[in-house]
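Read in the UniProt record's numbering, the sequence shown has 116 at position 116, and its numbers run on one by one without any break.
From the three backbone atoms N, C-alpha and C, an ideal C-beta is built for every residue, glycine too.
Every value quoted in this text rests on a predicted model; they were computed, and no experiment measured them.
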Amino acid sequence: MISKRTLTHLKELEAESIYIMREVVSEFKNPAMLYSVGKDSSVMLHLALKAFYPAKLPFPLMHVDTNWKFKEMIEFRDSRAKEEDFDLIVYQNQEGLDQEIGPFKDGSKTHTDIMKTQALKQGLNIYKFDAVFGGARRDEEKSRAKERIYSFRDKNHRWDPKNQRPELWDLYNASLNKGESIRVFPLSNWTELDIWQYIYLENIKIPDLYFAKMRNVVDFDGTKIMIDDDRTPAYLRDKAKPEMIRFRTLGCYPLTGAVNSNATTLEEIIQEMLLSKTSEREGRVIDKDESGAMEKKKIEGYF
(Lines of atoms letter the chains of each structure in order from A and count residues from 1; the text may use other names and numbers.)
(Lines give C-alpha, C1' and ligand atoms only; values in the text may rest on other atoms or scores of the structure.)
Protein backbone atom coordinates (compact mmCIF):
# COMPACT_ATOMS: atom_id res chain seq x y z
CA MET A 1 0.00 0.00 0.00
CA ILE A 2 1.30 3.47 -0.90
CA SER A 3 2.04 5.63 2.13
CA LYS A 4 0.05 8.86 2.29
CA ARG A 5 3.36 10.65 2.80
CA THR A 6 4.36 9.86 -0.79
CA LEU A 7 1.22 11.48 -2.22
CA THR A 8 0.62 15.10 -3.09
CA HIS A 9 -2.32 16.84 -1.43
CA LEU A 10 -4.59 16.34 -4.47
CA LYS A 11 -3.50 12.74 -4.99
CA GLU A 12 -4.28 12.03 -1.33
CA LEU A 13 -7.77 13.48 -1.77
CA GLU A 14 -8.20 11.48 -4.97
CA ALA A 15 -7.15 8.25 -3.25
CA GLU A 16 -9.54 8.88 -0.36
CA SER A 17 -12.49 9.51 -2.70
CA ILE A 18 -11.76 6.42 -4.78
CA TYR A 19 -11.47 4.32 -1.62
CA ILE A 20 -14.87 5.59 -0.42
CA MET A 21 -16.52 4.80 -3.76
CA ARG A 22 -15.13 1.28 -3.84
CA GLU A 23 -16.20 0.70 -0.24
CA VAL A 24 -19.77 1.74 -1.03
CA VAL A 25 -20.00 -0.47 -4.11
CA SER A 26 -18.74 -3.45 -2.10
CA GLU A 27 -21.01 -2.81 0.92
CA PHE A 28 -24.36 -1.80 -0.59
CA LYS A 29 -26.80 -3.60 -2.85
CA ASN A 30 -28.11 -0.77 -5.00
CA PRO A 31 -25.95 2.39 -5.07
CA ALA A 32 -26.32 5.36 -7.42
CA MET A 33 -24.70 8.73 -8.02
CA LEU A 34 -26.56 12.05 -7.99
CA TYR A 35 -25.37 14.00 -11.01
CA SER A 36 -26.16 17.71 -10.87
CA VAL A 37 -23.92 18.55 -13.88
CA GLY A 38 -21.79 21.09 -12.00
CA LYS A 39 -18.05 21.14 -11.32
CA ASP A 40 -18.27 18.92 -8.21
CA SER A 41 -20.38 16.34 -10.04
CA SER A 42 -17.90 16.45 -12.92
CA VAL A 43 -15.01 15.74 -10.55
CA MET A 44 -16.99 12.99 -8.81
CA LEU A 45 -17.80 11.35 -12.16
CA HIS A 46 -14.13 11.54 -13.17
CA LEU A 47 -13.11 9.87 -9.89
CA ALA A 48 -15.72 7.14 -10.35
CA LEU A 49 -14.49 6.41 -13.86
CA LYS A 50 -10.97 6.10 -12.45
CA ALA A 51 -12.10 3.95 -9.53
CA PHE A 52 -13.68 1.27 -11.73
CA TYR A 53 -11.65 1.55 -14.94
CA PRO A 54 -11.68 -0.24 -17.36
CA ALA A 55 -15.12 -1.55 -16.40
CA LYS A 56 -18.32 0.38 -16.93
CA LEU A 57 -19.59 2.27 -13.88
CA PRO A 58 -21.33 -0.25 -11.58
CA PHE A 59 -24.13 2.17 -10.75
CA PRO A 60 -26.39 4.61 -12.61
CA LEU A 61 -26.26 8.40 -12.42
CA MET A 62 -29.49 10.17 -11.53
CA HIS A 63 -30.22 13.79 -12.37
CA VAL A 64 -33.14 15.47 -10.61
CA ASP A 65 -34.33 17.82 -13.34
CA THR A 66 -36.36 20.75 -11.99
CA ASN A 67 -37.27 21.93 -15.51
CA TRP A 68 -35.46 25.21 -14.71
CA LYS A 69 -31.83 24.26 -15.24
CA PHE A 70 -29.71 26.26 -17.68
CA LYS A 71 -30.19 24.93 -21.21
CA GLU A 72 -26.43 24.49 -21.47
CA MET A 73 -26.45 22.22 -18.41
CA ILE A 74 -28.94 19.84 -20.03
CA GLU A 75 -26.93 19.76 -23.27
CA PHE A 76 -23.73 19.09 -21.30
CA ARG A 77 -25.41 16.32 -19.27
CA ASP A 78 -26.62 14.46 -22.35
CA SER A 79 -23.29 14.91 -24.11
CA ARG A 80 -21.32 13.47 -21.17
CA ALA A 81 -23.69 10.50 -20.84
CA LYS A 82 -23.10 9.67 -24.49
CA GLU A 83 -19.31 10.16 -24.29
CA GLU A 84 -18.79 8.08 -21.14
CA ASP A 85 -21.59 5.57 -21.78
CA PHE A 86 -22.99 5.70 -18.26
CA ASP A 87 -26.57 4.82 -17.36
CA LEU A 88 -28.44 8.10 -16.85
CA ILE A 89 -31.74 8.42 -15.01
CA VAL A 90 -33.49 11.78 -15.42
CA TYR A 91 -36.21 12.20 -12.81
CA GLN A 92 -38.82 14.96 -12.58
CA ASN A 93 -41.70 15.47 -10.16
CA GLN A 94 -44.62 15.04 -12.54
CA GLU A 95 -47.09 16.55 -10.07
CA GLY A 96 -44.94 19.68 -9.88
CA LEU A 97 -44.74 19.84 -13.67
CA ASP A 98 -48.52 19.52 -13.94
CA GLN A 99 -48.92 22.44 -11.51
CA GLU A 100 -46.30 24.43 -13.48
CA ILE A 101 -44.31 25.05 -10.30
CA GLY A 102 -41.53 27.57 -10.86
CA PRO A 103 -39.28 29.98 -8.97
CA PHE A 104 -40.83 33.15 -10.38
CA LYS A 105 -44.45 32.14 -9.75
CA ASP A 106 -44.06 30.16 -6.53
CA GLY A 107 -40.85 31.46 -4.96
CA SER A 108 -37.56 29.71 -4.30
CA LYS A 109 -38.66 27.86 -1.15
CA THR A 110 -41.75 26.19 -2.67
CA HIS A 111 -39.99 25.50 -5.97
CA THR A 112 -37.00 23.88 -4.25
CA ASP A 113 -39.17 21.76 -1.96
CA ILE A 114 -41.43 20.40 -4.71
CA MET A 115 -39.08 20.18 -7.68
CA LYS A 116 -35.89 19.22 -5.82
CA THR A 117 -36.51 17.75 -2.37
CA GLN A 118 -39.77 15.91 -3.11
CA ALA A 119 -38.55 14.89 -6.56
CA LEU A 120 -35.35 13.46 -5.08
CA LYS A 121 -37.25 11.49 -2.44
CA GLN A 122 -39.67 10.16 -5.05
CA GLY A 123 -36.81 9.05 -7.29
CA LEU A 124 -34.99 7.32 -4.44
CA ASN A 125 -38.18 5.47 -3.46
CA ILE A 126 -38.97 4.38 -7.01
CA TYR A 127 -35.48 3.04 -7.75
CA LYS A 128 -34.91 1.79 -4.18
CA PHE A 129 -31.33 3.05 -3.92
CA ASP A 130 -29.75 2.24 -0.55
CA ALA A 131 -26.68 4.47 -1.01
CA VAL A 132 -26.39 7.60 -3.11
CA PHE A 133 -23.21 9.55 -3.87
CA GLY A 134 -23.36 13.34 -3.73
CA GLY A 135 -20.79 16.02 -4.48
CA ALA A 136 -21.23 18.18 -1.36
CA ARG A 137 -18.11 19.47 0.39
CA ARG A 138 -17.68 20.55 4.01
CA ASP A 139 -16.25 23.96 3.10
CA GLU A 140 -19.40 25.01 1.22
CA GLU A 141 -21.82 25.76 4.04
CA LYS A 142 -22.02 25.37 7.84
CA SER A 143 -24.60 22.56 7.91
CA ARG A 144 -22.47 20.56 5.50
CA ALA A 145 -19.40 21.15 7.66
CA LYS A 146 -20.79 18.89 10.38
CA GLU A 147 -22.08 16.15 8.07
CA ARG A 148 -20.34 12.78 7.98
CA ILE A 149 -19.03 11.14 4.80
CA TYR A 150 -21.65 8.41 5.38
CA SER A 151 -24.76 10.48 6.11
CA PHE A 152 -27.56 8.23 7.38
CA ARG A 153 -31.19 8.97 6.51
CA ASP A 154 -34.37 7.47 7.95
CA LYS A 155 -37.16 5.82 5.96
CA ASN A 156 -38.47 9.28 5.00
CA HIS A 157 -34.97 10.35 3.86
CA ARG A 158 -34.71 12.82 6.73
CA TRP A 159 -31.33 13.72 8.21
CA ASP A 160 -30.90 13.81 11.99
CA PRO A 161 -27.61 15.61 12.71
CA LYS A 162 -27.65 14.29 16.29
CA ASN A 163 -27.94 10.66 15.19
CA GLN A 164 -24.87 10.12 13.02
CA ARG A 165 -22.05 7.63 13.43
CA PRO A 166 -18.37 8.28 14.23
CA GLU A 167 -15.87 7.76 11.40
CA LEU A 168 -12.61 7.25 13.26
CA TRP A 169 -9.47 6.17 11.38
CA ASP A 170 -11.30 6.25 8.02
CA LEU A 171 -13.53 3.37 9.12
CA TYR A 172 -17.15 3.56 7.95
CA ASN A 173 -20.06 1.68 9.51
CA ALA A 174 -22.27 0.63 6.61
CA SER A 175 -24.90 -1.27 8.60
CA LEU A 176 -28.40 -0.05 7.83
CA ASN A 177 -31.49 -0.37 9.97
CA LYS A 178 -34.70 -1.32 8.19
CA GLY A 179 -35.84 1.47 5.90
CA GLU A 180 -32.63 3.49 6.24
CA SER A 181 -30.41 4.66 3.41
CA ILE A 182 -27.29 6.78 3.23
CA ARG A 183 -26.00 9.72 1.26
CA VAL A 184 -22.27 9.39 0.66
CA PHE A 185 -20.00 12.41 0.16
CA PRO A 186 -16.61 11.35 -1.26
CA LEU A 187 -15.60 15.00 -1.79
CA SER A 188 -16.22 15.99 1.84
CA ASN A 189 -12.60 16.94 2.52
CA TRP A 190 -12.04 18.83 -0.74
CA THR A 191 -12.19 22.63 -0.97
CA GLU A 192 -13.41 24.73 -3.88
CA LEU A 193 -9.79 25.50 -4.73
CA ASP A 194 -8.93 21.77 -4.65
CA ILE A 195 -11.75 21.12 -7.10
CA TRP A 196 -10.50 23.72 -9.56
CA GLN A 197 -6.89 22.63 -9.32
CA TYR A 198 -7.91 19.02 -9.91
CA ILE A 199 -10.06 19.99 -12.90
CA TYR A 200 -7.03 21.80 -14.33
CA LEU A 201 -4.56 18.96 -13.69
CA GLU A 202 -6.89 16.20 -14.92
CA ASN A 203 -8.34 18.20 -17.84
CA ILE A 204 -11.92 17.49 -16.73
CA LYS A 205 -14.77 18.75 -18.89
CA ILE A 206 -17.10 21.27 -17.24
CA PRO A 207 -19.97 23.45 -18.53
CA ASP A 208 -18.93 26.67 -20.25
CA LEU A 209 -21.07 28.63 -17.77
CA TYR A 210 -18.13 28.52 -15.35
CA PHE A 211 -16.06 30.65 -17.72
CA ALA A 212 -16.54 34.40 -18.08
CA LYS A 213 -18.16 35.80 -21.20
CA MET A 214 -20.69 38.47 -22.14
CA ARG A 215 -24.15 37.30 -21.09
CA ASN A 216 -27.49 39.04 -20.62
CA VAL A 217 -28.18 39.49 -16.91
CA VAL A 218 -30.60 41.40 -14.70
CA ASP A 219 -30.77 42.15 -10.98
CA PHE A 220 -33.50 40.05 -9.34
CA ASP A 221 -33.99 40.52 -5.59
CA GLY A 222 -30.33 41.40 -5.19
CA THR A 223 -29.07 38.50 -7.30
CA LYS A 224 -27.61 38.88 -10.78
CA ILE A 225 -29.44 36.26 -12.87
CA MET A 226 -28.90 35.32 -16.49
CA ILE A 227 -31.78 35.43 -18.94
CA ASP A 228 -31.84 31.84 -20.19
CA ASP A 229 -35.28 31.60 -21.79
CA ASP A 230 -38.54 33.51 -22.27
CA ARG A 231 -40.04 32.21 -19.01
CA THR A 232 -38.25 35.09 -17.29
CA PRO A 233 -40.94 37.77 -16.76
CA ALA A 234 -41.01 40.43 -19.46
CA TYR A 235 -40.32 43.25 -17.01
CA LEU A 236 -37.02 41.57 -16.10
CA ARG A 237 -36.09 40.73 -19.69
CA ASP A 238 -36.61 44.37 -20.61
CA LYS A 239 -34.06 45.44 -17.97
CA ALA A 240 -31.42 42.89 -18.95
CA LYS A 241 -28.06 44.07 -20.22
CA PRO A 242 -24.88 42.29 -21.31
CA GLU A 243 -22.15 41.94 -18.69
CA MET A 244 -18.93 39.97 -18.42
CA ILE A 245 -19.98 37.28 -15.93
CA ARG A 246 -19.48 33.66 -14.94
CA PHE A 247 -20.96 31.27 -12.36
CA ARG A 248 -19.18 29.76 -9.35
CA THR A 249 -22.05 27.34 -8.73
CA LEU A 250 -24.85 26.05 -10.97
CA GLY A 251 -28.50 25.28 -10.28
CA CYS A 252 -31.89 26.56 -11.45
CA TYR A 253 -31.10 29.66 -13.49
CA PRO A 254 -33.43 32.10 -11.66
CA LEU A 255 -31.95 30.98 -8.32
CA THR A 256 -28.27 31.04 -9.26
CA GLY A 257 -26.42 34.33 -9.07
CA ALA A 258 -23.66 35.24 -11.50
CA VAL A 259 -20.48 37.08 -10.54
CA ASN A 260 -18.70 39.72 -12.57
CA SER A 261 -15.46 38.21 -13.77
CA ASN A 262 -12.85 38.27 -16.51
CA ALA A 263 -11.71 34.69 -15.85
CA THR A 264 -11.94 32.94 -19.22
CA THR A 265 -9.46 30.13 -18.52
CA LEU A 266 -8.93 27.60 -15.74
CA GLU A 267 -5.71 29.35 -14.73
CA GLU A 268 -7.59 32.63 -14.32
CA ILE A 269 -10.38 30.95 -12.34
CA ILE A 270 -7.82 29.44 -9.95
CA GLN A 271 -6.17 32.84 -9.52
CA GLU A 272 -9.59 34.34 -8.81
CA MET A 273 -10.26 31.64 -6.18
CA LEU A 274 -6.99 32.43 -4.43
CA LEU A 275 -8.13 36.03 -4.00
CA SER A 276 -11.81 35.35 -3.22
CA LYS A 277 -13.20 36.30 0.20
CA THR A 278 -16.71 34.88 -0.24
CA SER A 279 -18.29 31.43 -0.44
CA GLU A 280 -19.40 30.09 -3.80
CA ARG A 281 -22.89 29.61 -2.31
CA GLU A 282 -23.32 33.36 -1.86
CA GLY A 283 -24.98 33.16 -5.27
CA ARG A 284 -27.53 30.51 -4.24
CA VAL A 285 -30.90 32.10 -3.49
CA ILE A 286 -32.18 28.95 -1.74
CA ASP A 287 -29.57 29.34 1.01
CA LYS A 288 -31.11 32.69 1.95
CA ASP A 289 -34.76 31.64 2.26
CA GLU A 290 -34.55 31.76 6.07
CA SER A 291 -32.04 31.43 8.90
CA GLY A 292 -30.42 27.99 8.76
CA ALA A 293 -32.15 27.34 5.43
CA MET A 294 -29.77 24.66 4.19
CA GLU A 295 -29.86 22.64 7.41
CA LYS A 296 -33.67 22.74 7.49
CA LYS A 297 -33.79 21.57 3.87
CA LYS A 298 -31.40 18.71 4.62
CA ILE A 299 -33.48 17.60 7.61
CA GLU A 300 -36.50 17.51 5.27
CA GLY A 301 -34.62 15.27 2.83
CA TYR A 302 -32.75 17.70 0.57
CA PHE A 303 -29.38 16.38 -0.48
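Notebook entry, point to check: Mind checking residue 175: buried by the 16 CB within 10 Å criterion, or exposed?
Noted result: exposed
Notebook entry, point to check: Does the segment 93-100 come close enough to the segment 234-241 to have 3 or more Cβ pairs within less than 8 Å?
Noted result: no
Notebook entry, point to check: Between residue 127 and residue 150, is the Cβ-Cβ spacing less than 7 Å?
Noted result: no
Checklist line | residue 37, DSSP secondary structure in three states | finding: coil
Margin query: Considering only the alpha carbon of each residue, which of 92, 218, 251 lies closest to residue 244?
Written below: 218
Margin query: Give me, in chain order, the residues of the same chain whose beta-carbon lies closer than 6 Å to that of residue 145; leave out the 5 immediate sequence neighbours on both sides.
Written below: 138
Notebook entry, point to check: By the 10 Å Cβ neighbour count, where 16 or more other Cβ atoms means buried, how is residue 181 classified, buried or exposed?
Noted result: buried
Next item on the list: Please list, in chain order, all residues of the same chain as residue 49 whose beta carbon is under 8 Å from its beta carbon, the five residues on each side excluded.
Entry: 57, 84
Margin query: Any contact between the segment 114-132 and the segment 12-30? By contact I mean 3 or more CB pairs, one from each, below 8 Å.
Written below: yes
Next item on the list: Look at the alpha carbon of residue 162 and the alpha carbon of residue 69, and state the distance between them as a whole number of angstroms.
Entry: 33 Å
Checklist line | Under the three-state DSSP convention, the category residue 196 falls into | finding: helix
Notebook entry, point to check: Do the segment 195-205 and the segment 39-47 meet, that is, are 3 or more Cβ pairs less than 8 Å apart?
Noted result: yes
Next item on the list: Can you check the segment 185-243 for any alpha helix (DSSP H) of at least 4 residues that lies completely inside it and give the ranges in chain order?
Entry: 192-202, 234-237
Item checked: Own chain residues within Cβ distance below 8 Å of residue 259, not counting five before or after -> 224, 245, 246, 247, 248, 283
Item checked: Best match in 170, 105, 168, 147 for proximity to residue 160 [C-alpha to C-alpha] -> 147
Notebook entry, point to check: In chain order, what residues of the same chain lie with their CB nearer than 6 Å to the CB of residue 133, ignoring the 5 residues before and after it?
Noted result: 33, 184
Next item on the list: Following the continuous alpha helix (DSSP H) through residue 13, name the residue where it begins and the one where it ends.
Entry: 9-27
Notebook entry, point to check: Going by C-alpha distance, which of 87, 235, 256, 209 is nearest residue 265?
Noted result: 209
Check: In terms of residues, what are the limits of the alpha helix (DSSP H) holding residue 152?
Finding: Looking at the DSSP string, residue 152 is not in any alpha helix (DSSP H); the run it does join, the beta strand (DSSP E), is 150-153.
Checklist line | Under 7 Å between C-beta atoms of residue 73 and residue 123 | finding: no
Note to self: Give me the residue from 154, 167, 24, 192 with the minimum Cα distance to residue 178.
What the structure shows: 154
Next item on the list: State the start and end residues of the unbroken alpha helix (DSSP H) segment that holds residue 104.
Entry: 103-112
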